[in-house]
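Residue numbers (our numbering): 1279 to 1797. The block underneath contains the structure these notes are about, expressed in structure tokens.
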Amino acid sequence: MNIRDILWYLGVFLFVSGVVSFFPIPIALYYNEPILFLLLRCLIFWLFGFIFMRYPRKKISLGDAMLLVAISMIIIPFFGAIPFFPELEGDPIDVLVDGYFESVSGYTTSGLTIFPEKQLNPESPSYKHSLIFSRTLMEWTGGLGIIILFLSLLASGGISTVYLYRVEGREERIVPSIDHTAKIILRIYLFYTFAGAILLWILDMEPIYALSTIMSVLSTGGFISMVQGIHINALSEIVILVFLLLAAIPFTLDYVLLSGNLRRFFGHLEIRFGCYLISIAILLFTIISLSTGRDLLNSLYQSIIITIGSITTGGYGQSVLNDLNGPGIFLVIILMMIGGGAGSTAGGIKIVRAGVLFKAIRWLIRKSSLPETVILPLKIDGGVFEDEELRNIGLFFVVYLALIFVGTFSLMMWGTTGSGDVELIDAFFLSVSAQSNVGFSALNIRSQSIIVKSIMIFQMIAGRLEIFPILALVGYAIGGFEREVVEIEREIIEKKEKDRELEERIKFLRRLRSIDKRR
């Protein structure tokens, strides 16, 4: 991998991010809010974008594409956090980490926030409409993906676009052409955005809140449920739940659904398995709720809310979550880990991987009962899964769990609840929520240590990029460091060899001189 090969693409991503970041400025002007830092963010995006775009455009490999996506997800949130820094309090390091955490949470559609209540309450003088809109716009951009924006607006085909599309976490195409597929995805996303905003506006929600809400919902971000100024009635809540489900469906299947091909839509593995999961989860949540003395209709409705809010990783239903007991919390954790569909805005392991693993377990049990000479392929939806594909899914699952355990350990070691240490269940829950990009939390994120916030930042990025691109960047950094160390060691050894040769020559000349003197 060569870092210079990806700089042109990084420059384009920064420039596009600067264009998108311009939209909160009219909101600020309308509400008479300061625009200095919003404008500064745009200028910095454009400045570095133009600097990197001066490098020649080159074809990139799959490894370069992974490196590019990981670097973009680190740099773009840092520039995007510029308007947040003046709104935060504390030491400069705390402000820097908190602002970056908030921005990463936005671009990864995680929904976790360090904003205090005064920034989320419209009755407070610290509340800014442009800041809330900017935060939800980050989620909207991150849900679609800056790569899809690039492919839909500026891509011109070639193997590089294929690799970028794959690294974005998308495999299936709506049409053979990737740039055309990206254009269709963007149109679907925009259609859902405007349709949802209009419906919420009709259902008595202010226009700015309607747009902010639907952007957060479509990105399955979860941040908007933290904002106290948004009042949601029963019909608005139904709209939100429906669009959460649409957002958690792969865009390729959204296209099938909008085309009216319901047979093909419901025949897909992810839709079938997702319907099974949702049905079972609603049933279990309802039983748990009834056991606490609630009536059937209220229990059923609350169960639907928490099921959809969890499995779509939309982070909606925090009030329902607060009333759950141990079994309910455990079920939420399972749903958050599974997540939505591959190629959607949802996080988690993804339903298709969970479905393949479930069928693979049944296949292995059946295969172990047959003679070794019998060939029994694993068939799913008419396709045959090779051993390498199963190993990749298994590796992803193991690494995913390992990072969750790291996050859990860090919360138990350095986390705080304000009244003592963090309990295991709370640490595990928050670690899953961060890595699955959900946004549910029972802890105050702002009060956590810098170590905990840094590890959660890594988890959010890793979860959004589906683990391997960020690990590729870490491997590249470590490998580059090792290569640099080896190069330095080689130079030292060569210098020592040259010094030794010089010493030998000096000794030889001295012996010659002593011989001459004797003569």
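Cβ atoms here follow ideal geometry from the backbone N, Cα and C, with glycine treated the same way.
For Gly1604, the enclosing alpha helix (DSSP H) begins and ends at 1604-1616. The three-state reading of DSSP puts Phe1393 in coil, since its state is none of H, G, I, E or B. Contact annotation: Ile1607 and Ile1502 have beta-carbon atoms that are not nearer than 8 Å. Beta-bridge pairing by DSSP links Gly1661 to Ile1658.
Taking Ser1714 as reference, the option from Leu1346, Ser1588, Val1375, Ile1349 with the minimal CA-CA separation is Ser1588. The beta carbon of Pro1747 sits closer than 7 Å to the beta carbons of Met1344, Val1347, Ala1348, Val1445 from its chain, once the five residues preceding and following it are set aside; these are given in chain order.
In the same chain as Ser1381, and ignoring 5 residues on each side of it, the C-beta atoms closer than 6 Å to its own belong to Pro1355, Gly1358, Ala1359, in chain order.
Taking C-beta separations shorter than 8 Å and ignoring five residues to either side along the sequence, the partners of Ala1712 in its chain run Ser1388, Leu1390, Gly1685, Met1734, Gln1737, Met1738, Gly1741, following chain order. Annotated three-state conformation of Asp1372 is helix, per DSSP. If you draw a straight line from the Cα of Ser1514 to the Cα of Phe1663, it comes to about 42 Å.
DSSP places Arg1542 within a helical segment (H, G or I) once states are collapsed to three. Contact between the stretch 1461-1481 and the stretch 1530-1540 is established, with three or more Cβ pairs separated by less than 8 Å. Between the C-alpha atoms of Ile1303 and Leu1599 there is a straight-line separation of about 35 Å.
Contact annotation: Thr1491 and Leu1478 have beta-carbon atoms nearer than 8 Å. If you draw a straight line from the Cα of Val1676 to the Cα of Thr1414, it is about 32 Å long. Between Leu1721 and the set Ile1745, Gly1693, Gly1633, Ile1729, the nearest pair of CA atoms involves Gly1693. Going by DSSP, Gly1296 is part of the alpha helix (DSSP H) stretching over 1285-1298. DSSP places Lys1637 in the helix class (H, G or I) of the three-state scheme. Contact check for Thr1591 against Gly1619 fails: the beta carbons are separated by 8 Å or more.
Assignment of Thr1459 by DSSP, reduced to helix, strand and coil, places it in the helix class.
Secondary structure at Phe1707: helix, using DSSP grouped into helix, strand and coil.
For Gln1737, the enclosing alpha helix (DSSP H) covers residues 1728-1742.
Close CB contacts of Leu1743 within its chain, under the 7 Å cut and outside five residues either way in sequence, are with Val1347, Ala1348, Met1351 (chain order). Only residues of its own chain outside the window of five on either side were considered, and among them Val1662 have a CB closer than 6 Å to the CB of Pro1655, listed in chain order.
Considering only Tyr1287, Phe1328, Arg1669, Phe1687, the residue with the shortest C-alpha distance to Ser1339 is Tyr1287. Taking each of Pro1312, Ser1697, Leu1561, Val1630 in turn and checking the Cα distance to His1546, the smallest one comes out for Val1630. When C-alpha distances from Ile1728 are compared across Val1373, Phe1683, Asp1457, Val1290, the shortest belongs to Val1373.
In chain order, Leu1654 place their CB closer than 8 Å to the CB of Leu1648, counting only its own chain and leaving out the 5 sequence neighbours on each side. Taking the C-beta atoms as reference points, Leu1689 is found nearer than 8 Å to Leu1708.
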